[in-house]
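Asks: This is the structure I want to talk about, given as structure tokens.
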Amino acid sequence: MAVKTGDTRVNYRELSISRILLFVLPFLLLLGGALWYGLSVIQPPPQREVVISTGGEAGGYHAFGKRYQAHLAKEGVKVRLVTSAGAIENLARLKDPQSKVTAALMQGGIGAGQDNAGLLSVGRIFYEPVWVFYRSTETWQRLAQLRGAKIAVGGEGSGTRALTTELLRLSRVGEDVATYLPLGGQAAVDALYDGRVDVAMLTFAPEAPVLQKLVRDPSIKLMSLEQADAMTRMLPYLAKVTLPRGVFDLEKNLPPDPVDLVAPVASLIVREDLHPSLVGLLAQALTEVHGGANLLQKSAEFPLASDPTFSMSDDATRFYKAGQPLLQRYLPFWLANFVERMLVVLLPLATLAVPIMKGVPALYRWRIRQRLQYWYGRLKKLEGSITRSGTKDFNQAHWAELELIDAAVQRLNVPKAFAEHYYNLRSHVDLVRGRLPV
1 MAVKTGDTRV NYRELSISRI LLFVLPFLLL LGGALWYGLS VIQPPPQREV
51 VISTGGEAGG YHAFGKRYQA HLAKEGVKVR LVTSAGAIEN LARLKDPQSK
101 VTAALMQGGI GAGQDNAGLL SVGRIFYEPV WVFYRSTETW QRLAQLRGAK
151 IAVGGEGSGT RALTTELLRL SRVGEDVATY LPLGGQAAVD ALYDGRVDVA
201 MLTFAPEAPV LQKLVRDPSI KLMSLEQADA MTRMLPYLAK VTLPRGVFDL
251 EKNLPPDPVD LVAPVASLIV REDLHPSLVG LLAQALTEVH GGANLLQKSA
301 EFPLASDPTF SMSDDATRFY KAGQPLLQRY LPFWLANFVE RMLVVLLPLA
351 TLAVPIMKGV PALYRWRIRQ RLQYWYGRLK KLEGSITRSG TKDFNQAHWA
401 ELELIDAAVQ RLNVPKAFAE HYYNLRSHVD LVRGRLPV
């Protein structure tokens, strides 16, 4: 095959394995070092288990936890649910690394004013109204009217108790003017029916059967809080929700009038060391479980990518704005996560490898030229010495130098791209030889 004049492109098929390795190996070592460093700093794979602290086994928090558990199980992620006394215990567990809890359902307002470093919110997810049921011949619309009453304020350590006692405190209904009983849930409802308490302050989902029974009992009244707007100003984590007339039963028109309630908005809180991919999965579960409509909310009203008590997770916010990561839309969760982690390393390496590999041929060409130029330099020096000395002063050293150059040039192994330069050098060796006496 003819060689074009001036074409110095390297044909790698002409090179030996050892010669290729000689030039490529340093670059491979460089890339290998970069890969090792990338793998050492890349984020580890997601945890195999998420531990969620919920609430009482018969409560709404635990029921929601089971739905999250089912959602993540579809993606091959194990979720272990741990029951608790309520949101206050949930918060304590999240702050205790020894508890192994990585996520927890949290009533709005719990943790307000505290140091919540290391905890992130995956979003606010549903209203938890405070239902104030009471027995009285009068109609009460303000908590201040509960002075002298026996009030079920929620169980010890529960979020319900923390909230109800704060609301009563703001209305100046302390334990000095009312009787607080540490009853919550079904126990508080039973006490109201039995007459052991005058008022039961409850936090139930509107679909709860016990709630449906209470609103249908003519001997029990549901308080509509005429100061609901003021309460939400004093406690920013509260929202005002209004039950429309007839929302429980259109036929019987229950309730007969609109009812104003205040409601903290529950959140899912995670430790900041929970893997970002798992946070995204939890955000996806929240959207699936809480995104629909019910008696208190419209479709797509929740989850909310904001939280007044805890910092929002960037990963959750990203999910709510953009949806699932691209790879997770087409690949199983674990495979998609592996590919994402590898791309984090390989894409920067690829940008480094392309210019490096382009530089290998240039370096090789430079090396071949250097070797040819070296012997050209030796030959030129010899020619100059011969010219200066003339035949009179010729000595055997000139012959020895010429033979050394000739032998070295013949041993040179150059690709066809440099054949013209190589044979020019051989010709010049013969020209210098012709100037020496035989």
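Just so it is clear: in the sequence shown, position 128 is 128 by this note's numbering, and no numbers are missing. Heads up, the beta-carbon is just placed ideally off N, CA and C, and yes, glycines get one too.
In whole angstroms, what is the alpha-carbon distance linking Arg433 and Asn413?
Replies: About 22 Å.
Asks: Rounded to whole angstroms, what's the CA-CA distance from Lys179 to Leu281? Just pull it up for me.
Replies: Note on identity: in this sequence residue 179 is Thr, with Lys being the wrong assignment. Their backbone Cα atoms lie some 45 Å apart in a straight line.
Asks: Where does the unbroken alpha helix (DSSP H) through Tyr61 begin, and where does it stop?
Replies: Per DSSP, Tyr61 belongs to the alpha helix (DSSP H) from Gly60 to Ala73.
Asks: Report all residues from its chain with a CB closer than 7 Å to the CB of Glu288; omit the five preceding and five following residues, and keep chain order.
Replies: Once the five neighbours on either side are set aside, the close Cβ partners of Glu288 are His71.
Asks: Rounded to whole angstroms, what is the Cα-Cα separation between Leu382 and Ser389?
Replies: In a straight line, the C-alpha of Leu382 is about 11 Å away from that of Ser389.
Asks: Going by DSSP, which residues form a beta bridge with Glu49?
Replies: For Glu49, which the question treats as bridged, DSSP gives the partners Lys78.
Asks: According to DSSP, is Tyr422 part of a helix, a strand, or is it coil?
Replies: Correct three-state label for Tyr422: helix.
Asks: Just to confirm before moving on: does the CB-CB distance between Val259 and Val130 stay below 7 Å?
Replies: Not a contact, by the Cβ cut-off of 7 Å.
Asks: Is it true that the region 262-273 meets the region 302-318, where meeting means three or more beta-carbon pairs spaced less than 8 Å apart?
Replies: At 8 Å Cβ cutoff, the stretches touch.
Asks: Report, in whole angstroms, the separation of the C-beta atoms of Lys221 and Ser313, which I expect to be a contact under 8 Å.
Replies: The Cβ separation is near 41 Å, so there is no contact.
Asks: Could you tell me the boundaries of the beta strand (DSSP E) in which Leu268 lies?
Replies: Per DSSP, Leu268 belongs to the beta strand (DSSP E) from Val259 to Arg271.
Asks: Give the list of continuous beta strand (DSSP E) stretches no shorter than 3 residues that lie fully inside the region 169-237.
Replies: Segments of the beta strand (DSSP E) lying fully in the region 169-237: 179-181 and 199-203.
Asks: Measuring CA to CA, which of Tyr364, Val122 and Ser171 is closest to Gln141?
Replies: It is Ser171.
Asks: So, is Val429 buried or exposed, given that buried needs 16 or more other C-beta atoms within 10 angstroms?
Replies: Looking at its Cβ environment, which holds 16 or more other Cβ atoms inside 10 Å, Val429 is buried.
Asks: From the DSSP secondary-structure annotation, give me the bridge partner or partners of Phe126.
Replies: Answer is Ala266.
Asks: Answer yes if the region 72-88 comes into contact with the region 103-116, meaning at least three C-beta pairs across the two stretches below 8 Å, and no otherwise.
Replies: They touch, by the three-pair rule.
Asks: Helix or strand or just coil, what does DSSP make of Ile386?
Replies: Here Ile386 sits in helix by DSSP.
Asks: Counting Cβ pairs closer than 8 Å, one from the region 150-161 and one from the region 112-126, do we hit at least three?
Replies: In short, these stretches do not touch, since the Cβ pair count stays below three.
Asks: Please report the straight-line C-alpha distance between Ser53 and Gly65, rounded to a whole angstrom.
Replies: Approximately 8 Å, taken between the alpha carbons.
Asks: DSSP three-state label for Lys100, please.
Replies: Note: Lys100 maps to coil in three-state DSSP.
Asks: Ile88 by DSSP, collapsed to three states: which one?
Replies: Reduced to three states, the DSSP call for Ile88 is helix.
Asks: Measure the alpha-carbon distance for Ser158 versus Lys252 and round it to whole angstroms.
Replies: Using only the alpha carbons, I get a separation of about 34 Å.
Asks: Starting from Lys150, trace the beta strand (DSSP E) in both directions and tell me its first and last residue.
Replies: Lys150 to Ala152 is the span of the beta strand (DSSP E), which, as asked, contains Lys150.
Asks: Touch check for the region 370-385 and the region 414-429: three-plus C-beta pairs under 8 Å?
Replies: The region 370-385 vs the region 414-429: in contact.
Asks: Taking Leu105 and Gly56 to be in contact with their CB atoms under 8 Å, please state how far apart those CB atoms are, rounded to whole angstroms.
Replies: Wrong, their Cβ atoms sit about 12 Å apart, outside the cutoff.
Asks: Measuring only the C-alpha atoms, how far is Asp329 from Arg67?
Replies: Residue identity check: residue 329 is Arg in the sequence provided, not Asp. C-alpha separation (whole angstroms): 21 Å.
Asks: Could you work out which residue in Asn395, Arg367, Ala400 and Tyr364 is closest to Leu379 when comparing CA atoms only?
Replies: Checking every option, the nearest Cα to that of Leu379 belongs to Ala400.
Asks: Given a cut-off of 7 Å on the beta-carbon distance, is the pair Leu211 and Ala200 in contact?
Replies: No, Cβ-Cβ distance for Leu211 and Ala200 is not below 7 Å.
Asks: Of the residues Ser427, Gly291 and Pro415, which one's Cα is nearest the Cα of Asp406?
Replies: Closest by alpha carbon: Ser427.
Asks: Considering Ser277, what are the terminal residues of the alpha helix (DSSP H) in which it resides?
Replies: Element bounds for Ser277: Pro276 to His290.
Asks: Report the rounded CA-to-CA distance for Lys95 versus Gly118, giving the unit in angstroms.
Replies: Roughly 8 Å between the two C-alpha positions.
Asks: Below 7 Å between beta carbons: does that hold for Phe319 and Ala285?
Replies: Not a contact, by the Cβ cut-off of 7 Å.
Asks: Tell me whether Glu207 is buried or exposed, calling it buried when 16 or more other Cβ atoms sit within 10 Å of its Cβ.
Replies: With fewer than 16 Cβ atoms within 10 Å of its Cβ, Glu207 is classed as exposed.
Asks: Taking Lys321 as part of the alpha helix (DSSP H), name the residues at either end of that continuous run.
Replies: Asp314 to Ala322 is the extent of the alpha helix (DSSP H) around Lys321.
Asks: How many whole angstroms separate the CB atoms of Leu183 and Val215, which I take to be in contact at a CB cut-off of 8 Å?
Replies: Between Val215 and Leu183 the Cβ distance is about 20 Å, and since that is not below 8 Å, they are no contact.
Asks: Around the C-beta of Met1, are 16 or more other C-beta atoms found within 10 angstroms, so that it is buried, or is it exposed?
Replies: Because the pLDDT of Met1 is 37, which lies under 50, any placement of that residue in the model is unreliable, and the question is left without a value.
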